[in-house]
Each structure stands twice: as C-alpha cells, then as structure tokens.
Amino acid sequence: MSIGWRGTYVTGSELRAPTEGLADVKVYAYAALTGIENLTSATGVSEPVTVAAGQVVPLPQAGITLKTTSPTAGTARVRPAAVNIGPSPTAPLIKCEVRNAGTLTTYPLTVTQEGQSSPTPSPDGAVASPKPTRTVTVTVTAGDPAEDTAGDTAGDTAGESGDDDLERDAGAAQDVDTTPVGGAATGGGGEAGPDGRMYVLAGLVITLAACAGLLSRRRLRSR
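If you're matching positions, the sequence shown starts at 162 in the working numbering and goes up one per residue.
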C-alpha cells in the first residue's frame, strides 16, 4: 500500500548544505504506524539532487510516496516520522528526528483483505511437472605418451595385417563375382558356376559307365 508524504519548511528553519556541498543526495521520508500487529513503518525516497554549499536543501514539491505491506487487515494510525538526507538510507548525511512524537496529529489508515496479495490457485487436478533437460557429458582422459606410442605401433602392425586380409578377401570376392548368378540355371553361358561344373562331371561319369557296359556286352557275345 502507498502513503503520500509532503514536507515544508518553517520559515527560518530551512536545512542548508554544508561547506562541501551535497552531491546526488536523496530525501528519505518515514512514517510510523500503530494499530496493526507487525505494521510499524513506511518508507519513501525522492529523486537525487545536488546542492551547493550554503544553499537550502529542497524538499520534493510533488511529495514522496511511502510504501509498506500489512500482514493482516485492520485499521492503523499514521503519523510523520524521521527525515534523512544522504546518498543511501544507511549512510545519511543529515538526520532529522521527530520532537514530541506524541503530540503530532495522526491519521487513520484502513487496510482491507483485498489489498493482500495471495498466490494464484492452480486448476483442480493440475500438476506442474518440470521439463526434462538433455545433458551430454563428454569425458576426455589424457593417456601416457609411452602408451600412445605403443598403441600407434600396434595399430600400424594391425593395419598392415588388415591390408593383407583385405587383399585376400578382395581376391575371394573377385572369384565369387566371376560365378554367374543362378548357378546351374546359367545354361553354360559364359563361365560355368560350381553347380554347372558338378553336372558336367556327373554326365561325364555316366557316359564312361555306359561305354564300359557296351564293351562288356560285346566281349560276352564274341565268346
């Protein structure tokens, strides 16, 4: 809640800047509150001003807005309190205390429950769930230079052996590539595959067997 504050000088009692002057100072105004538990004060601050040595320290013509928060509703009484001038509230260069505070006029301040801030309720059944975060962790381990050298040598040896294996595998692959697709179904076109060669060999055996049988029959008849 906000409380308006406006100050004026009594003629002849104006505040004046010291011999070194005042640079970028602010007016800090306070109000005292009673009647509501844990509500004791309100504070406001003006814009900074610079005042030359011996000049009157100006009070804000538009006044100052004091701010405070009440924990509960109720009716409080407000009265003026101290006024400090300085670069910050904890480093005042000029301090003005209230004399005979009990004789000052107090003003009523009504605080309603509507003025209290309350958390916004969540919809029934709504559960807030945090969004997952993908984290990629890369671990780099520094090895021993000697081990690295040994690893390179072993890698070269393995690489050479691997090249030989690749050459042999390539040769075998080349042999397979020369076999026609379909095996025996090639009809002998081009180079016969392993299945075709098997059938040719079987036919040759059958032919030799037939020839041998004919020769045996001719010998039996001649006897």
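Note that the Cβ used here is the ideal one computed from N, Cα and C, for glycine as well. Source: prediction; values computed, not measured.
In the three-state scheme derived from DSSP, where H, G and I count as helix and E and B as strand, T267 is classed as coil. For S202, the enclosing beta strand (DSSP E) covers residues 202 to 206. Counting the other Cβ atoms within 10 Å of the Cβ of S207 gives 16 or more, which makes it buried. As the crow flies, the alpha-carbon of R240 is around 16 Å from that of E198. Rounded to whole angstroms, the gap between the alpha carbons of A252 and S163 is 24 Å.
For R238, the enclosing beta strand (DSSP E) stretches over residues 235 to 247. By the Cβ-count criterion, N245 is buried, with 16 or more other Cβ atoms from all chains shown falling within 10 Å of its own Cβ. When DSSP states are grouped into helix, strand and coil, A192 belongs to the strand group.
When DSSP states are grouped into helix, strand and coil, A184 belongs to the strand group. By a beta-carbon distance limit of 8 Å, V212 contacts L183. Their separation comes to about 4 Å.
Here R238 really is in contact with P269; their C-beta atoms are around 6 Å apart, less than 8 Å. Only residues of its own chain outside the window of five on either side were considered, and among them V206, N245, P250 have a CB closer than 6 Å to the CB of Y189, listed in chain order. With a 10 Å radius around the Cβ and a threshold of 16 neighbouring Cβ atoms, K187 comes out buried. By the Cβ neighbour-count rule, T229 is buried, with 16 or more other Cβ atoms within 10 Å of its own.
Our two residues, E181 and V210, have alpha carbons roughly 15 Å apart in a direct line.
Here the alpha carbon of G165 sits roughly 26 Å from the alpha carbon of A178. Taking the CA atoms as reference points, G263 sits about 14 Å from A192. Counting along the chain, no beta strand (DSSP E) covers I197, and no H or E run does either.
If you look at L227, you'll find it in the beta strand (DSSP E) that goes 225 to 228. T236 and D185 have their alpha carbons spaced roughly 37 Å apart. Taking a 10 Å sphere around the C-beta of V217, we find fewer than 16 other C-beta atoms and assign the residue as exposed.
Counting along the chain, G165 sits inside the beta strand (DSSP E) bounded by residues 163 to 166.
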